[in-house]
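One structure is given here, and the rest of the page talks about it.
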Amino acid sequence: VHDARVFKNSGLFRRLQEGVYFPDRKITVGDVEMPIVILGDPAYLLMPWLMKPYTGALDNEKELFNYWLSKCRMVVECAFGRLKGRWRSLLTRSDLSQTNIPIVIAACCVLHNLCESKGETFMAGWEVEEIRLAADYAQPDTRAIRR
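141 is the number that the UniProt record's numbering gives to position 141 of the sequence shown; each next residue is one higher, with no gaps.
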């Protein structure tokens, strides 16, 4: 199942739709005030709080937007790659109960952020395994998922 479908069926998606997260919150980037958004690939539905690339015939402005959006998404993808490389339990299917899975994931995220902020060593080999497993269990293509 593609992550866009999992996201659409999640409680997080429902709460974002209801405006529970980021209600009228903005950040200032340079001198520009911007809403807080989530970045998605083309498979995600376009929402007021979800930014995704333009598709179809693109002018230079839209191509440039897609380029910078892609660079931002790569930063996120790299962070998740490091997270999964450091905490290998996140690489594969878990036999934990549905109650415990969110707790373990949250703990891995907190510990990962602590390691990153303290400059703890990250071994390149850890990411190689994550990349290998990602190739073995590739996501479906990224056409828009509407179900």
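Glycine residues also receive a C-beta, built at the ideal position from the N, C-alpha and C atoms.
| Check | Outcome |
| --- | --- |
| Contact check, Phe-22 vs Trp-49, beta carbons under 8 angstroms | yes |
| The alpha helix (DSSP H) enclosing Glu-120, as first and last residue numbers | Per DSSP, Glu-120 belongs to no alpha helix (DSSP H) and is neither H nor E. |
| Proximity to Asp-74 [Cα-Cα], best of Glu-63, Asp-41, Leu-90 and Gly-85 | One detail in the question is off: residue 74 reads as Met in this sequence, not Asp. Minimum Cα distance to Met-74 is reached at Asp-41. |
| Glu-127 - DSSP class collapsed to helix/strand/coil | helix |
| Val-104 (DSSP reduced to helix, strand or coil) | helix |
| Short CB-CB distance (under 8 angstroms) between Lys-26 and chain C | Going by chain labels, chain C is absent from the structure shown, which holds only one protein chain. |
| Other residues of its chain near Ala-57: CB distance less than 7 angstroms, five sequence neighbours each side excluded | none |
| Inter-residue Cα distance where the pair is Lys-26 and Asn-9 | 26 angstroms |
| Cβ contact check for the stretch 111-119 and the stretch 75-95: 3 or more pairs under 8 angstroms | yes |
| beta-carbon Arg-73 near the ligand ADP non-hydrogen atom, thresh 7 angstroms | Only the bare structure without any ligand can be found here, which leaves the ligand ADP out of the picture. |
| Minimum C-alpha distance to Leu-91 - residue among Thr-55, Cys-108 and Thr-28 | Cys-108 |
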